[in-house]
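Participant: I have a structure I would like to understand better, so I am pasting it below and will then ask my questions one at a time.
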Amino acid sequence: MKLSEINFGKIKQLKIREFLQMQISNGSKMIADIRSTMPNDSDLKNYSSVTDTIFSDLSPEILFDHYVNCNINTAWNCGESLQLGLVLDKKSGQLFYPGSDIQNAQVGFLMYVQMKYWNILTIANAQEVVEVNEVERRLVFSYIEGSKSSGKQVVSFHRLENGGCRIEHISYFRSNSRIRDKYFYAYFHRKTVLLYHKNMGALLNGSN
Numbered sequence: 000m001k002l003s004e005i006n007f008g009k010i011k012q013l014k015i016r017e018f019l020q021m022q023i024s025n026g027s028k029m030i031a032d033i034r035s036t037m038p039n040d041s042d043l044k045n046y047s048s049v050t051d052t053i054f055s056d057l058s059p060e061i062l063f064d065h066y067v068n069c070n071i072n073t074a075w076n077c078g079e080s081l082q083l084g085l086v087l088d089k090k091s092g093q094l095f096y097p098g099s100d101i102q103n104a105q106v107g108f109l110m111y112v113q114m115k116y117w118n119i120l121t122i123a124n125a126q127e128v129v130e131v132n133e134v135e136r137r138l139v140f141s142y143i144e145g146s147k148s149s150g151k152q153v154v155s156f157h158r159l160e161n162g163g164c165r166i167e168h169i170s171y172f173r174s175n176s177r178i179r180d181k182y183f184y185a186y187f188h189r190k191t192v193l194l195y196h197k198n199m200g201a202l203l204n205g206s207n
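Here it is, written out as structure tokens:
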């Protein structure tokens, strides 16, 4: 599918529409043209990193299943602070607008989100799902080209001695601004990450 065929009228977030227009202007014509910035493990020494940890009384199996199979619309919509605007599937060429029934986080999904901080800073980026590892209970996302940062995020689910779970969310990142990477990324990233995981917990508790 051509990016020019996207119905921008169905995407309410201005920054996401601008992000998509930038991709088109930079030469991305088809969904398959969009590339992630997934780094090799050997290159991670050249990236900054930040780790966030969330604890739960629920088992890693329950949580991993929830994170993979939760409706993406509800997972990535957290009021004004975090909003999903569009999902593209690189494998099938399909696209999903807000409100579509998207039940599974599948490899090849491109998720466009808009983040707003204190009503004064609004940012849009997109991430590709590059790994859904059921054996090791690990999810990996990578920023796509054109995002403010390049790199990847690794979300893993570890069993605790009491049967609960430690969710470890590691982000490896770099941008063209050392100041941004050193002083700003970790703070704003942590706000978004904790909001996302809080929302996922609330959705799971509400379904019980």
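Read left to right, the sequence shown gives residues 0 to 207 (numbering that gives the first Met the number 0).
Positions of the beta carbon are idealized from the N, C-alpha and C atoms, including for glycine.
Is there contact between the stretch 31 to 43 and the stretch 132 to 152, where contact requires at least three CB pairs shorter than 8 Å?
Facilitator: yes
Participant: In terms of alpha-carbon separation, which member of 5, 4, 14 and 1 lies closest to residue 121?
Facilitator: Within the sequence shown, the letter at position 122 stands for residue 121. Selected option, being the one with the closest Cα: 14.
Participant: Return the chain-ordered list of same chain residues with a C-beta closer than 6 Å to the C-beta of residue 137, the five sequence neighbours on each side being excluded.
Facilitator: Sequence index remark: in the sequence shown, residue 137 carries index 138 (1-based). Result list for residue 137: 155, in chain order.
Participant: Please list, in chain order, all residues of the same chain as residue 207 whose beta carbon is under 8 Å from its beta carbon, the five residues on each side excluded.
Facilitator: On the sequence shown, residue 207 is found 208 positions in, with the first residue counted as 1. Unreliable placement is indicated for residue 207, whose pLDDT of 46 sits below 50; the coordinate value is still reported in the next sentence. Answer for residue 207: no residue qualifies.
Participant: Compute the beta-carbon to beta-carbon distance between residue 75 and residue 83, rounded to the nearest angstrom, for a pair I have assumed lies under 8 Å.
Facilitator: Position 76 of the sequence shown, counted from the start, is the residue given in the question as residue 75. Position 84 of the sequence shown, counted from the start, is the residue given in the question as residue 83. Residue 75 to residue 83, Cβ: 4 Å. Contact.
Participant: If you run the structure through DSSP and keep just helix, strand and coil, what is residue 30?
Facilitator: Within the sequence shown, numbered from 1, the residue matching residue 30 stands at position 31. Residue 30 falls in the helix class under three-state DSSP.
Participant: Would you call the stretch 112 to 129 and the stretch 2 to 18 in contact, with 3 or more CB pairs under 8 Å?
Facilitator: yes
Participant: Would you mind reading off the limits of the beta strand (DSSP E) that contains residue 110?
Facilitator: The residue given as residue 110 occupies position 111 in the sequence shown. That run of the beta strand (DSSP E) goes 108 to 116.
Participant: Any heavy atom of the ligand PLP inside 6 Å of the beta-carbon of residue 16?
Facilitator: Here there are no bound small molecules, and the ligand PLP is not part of this structure.
Participant: What residue from 21, 53, 57 and 172 has the CA that sits closest to residue 192's CA?
Facilitator: Taking the sequence shown and counting its residues from 1, the one referred to as residue 192 is at position 193. If we check each option's Cα against that of residue 192, 53 comes out closest.
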